[in-house]
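Asker: Chains A and B are the protein sequences, given in the same order. Residues 102 to 212 (this note's numbering) are what the first sequence spells out, left to right. Residues 14 to 126 (this note's numbering) are what the second sequence spells out, left to right.
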Amino acid sequence: EDQVTQSPEALRLQEGESSSLNCSYTVSGLRGLFWYRQDPGKGPEFLFTLYSAGEEKEKERLKATLTKKESFLHITAPKPEDSATYLCAVQAPPNDYKLSFGAGTTVTVRA
Amino acid sequence: EPEVTQTPSHQVTQMGQEVILRCVPISNHLYFYWYRQILGQKVEFLVSFYNNEISEKSEIFDDQFSVERPDGSNFTLKIRSTKLEDSAMYFCASRQGSSQPQHFGDGTRLSIL
């Protein structure tokens with residue numbers, strides 16, 4: 102069964118148009134929720150780790166938040182260089198070592 | 014900044030042949046992983062390796078696959094008797110500790126003909 106569901110699948114934004122990506126998860130005993138950025142032909146690049154509901158992390162134009170059922174990645178005033186696929190992954194028992202990934206949201210920012 | 018490096022970047026192999034994918038994890042990391050991503054699909058976990066042994070593996074990781082840390086710096090994935098459906102991007106990842114994030118290499122694109 103899907104543990105991690107991301108929406109929307111694709112997002113087209115105008116430069117400066119803020120928006121949010123959603124990651125919903127159905128695991129119990131969450132050890133950590135991770136956000137990665139993936140550029141075409143590259144490996145996932147780590148952005149944030151969130152461990153508990155209410156936690157927020159911020160980096161440049163990106164802000165990640167976490168509730169008991171979902172996480173949001175907010176992109177504020179995006180630039181074309183923010184265009185990428187954003188992946189959400191969870192780490193939860195009984196599989197404490199692996200990451201379970203969502204399918205990702207592909208963001209395209211037009212100048 | 015330290016990074017995970019993978020070689021080769023692209024490997025083309027005939028069906029039925031064996032391939033070895035190579036990874037150099039970040040030097041002070043203790044946990045090592047292989048994932049794969051079939052074109053257009055999710056990143057899928059294959060195997061994790063800690064303290065010189067497999068700590069967890071997925072149902073994909075059957076007898077066709079094996080991993081090895083032959084020395085203090087390399088981590089390899091061997092795929093025997095390759096099949097067409099093994100074609101994918103294979104990513105190596107490493108992390109320093111159990112509560113640290115995993116860092117990924119840029120992958121090896123494996124094409125089985």
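A virtual CB, placed ideally from N, CA and C, is assigned to each residue, including glycine. Because the structure is a prediction, the values reported are computed rather than measured.
Figure out for me which residue from 125/B, 115/B, 38/B has the closest Cα to the Cα of residue 87/B.
Answerer: 38/B
Asker: Hey, could you find the ends of the beta strand (DSSP E) residue 125/B is sitting in?
Answerer: Element bounds for residue 125/B: 121-125.
Asker: Can you tell me whether residue 190/A is buried or exposed, with buried defined as 16 or more other CB within 10 angstroms of its CB?
Answerer: buried
Asker: Distance check for residue 120/B and residue 51/B, CA to CA, integer angstroms please.
Answerer: Distance from the CA of residue 51/B to the CA of residue 120/B, rounded to the nearest whole angstrom, comes to 12 Å.
Asker: Sort 205/A, 122/A, 128/A by Cα distance to residue 165/A and report the nearest one.
Answerer: 122/A
Asker: Which of helix, strand or coil does DSSP assign to residue 65/A?
Answerer: For chain A, the structure presents residues 102 to 212; residue 65/A sits outside this window and is missing.
Asker: Who are the neighbours of residue 55/B on chain A, taking C-beta pairs under 8 Å?
Answerer: Here the neighbours are 202, 203, 204, 205.
Asker: Whose Cβ in chain B lies nearer than 7 Å to the Cβ of residue 196/A?
Answerer: 69
Asker: What in chain B is Cβ-close to residue 143/A, meaning under 7 Å?
Answerer: 119
Asker: In angstroms with no decimal places, state the Cα-to-Cα distance between residue 85/B and residue 65/B.
Answerer: Rounded to whole angstroms, residue 85/B to residue 65/B spans 10 Å at the Cα level.
Asker: Quick check on residue 152/A: buried or exposed, where buried means 16 or more other Cβ atoms within 10 Å of its Cβ?
Answerer: Around the beta carbon of residue 152/A, fewer than 16 other beta carbons sit within 10 angstroms, so the residue counts as exposed.
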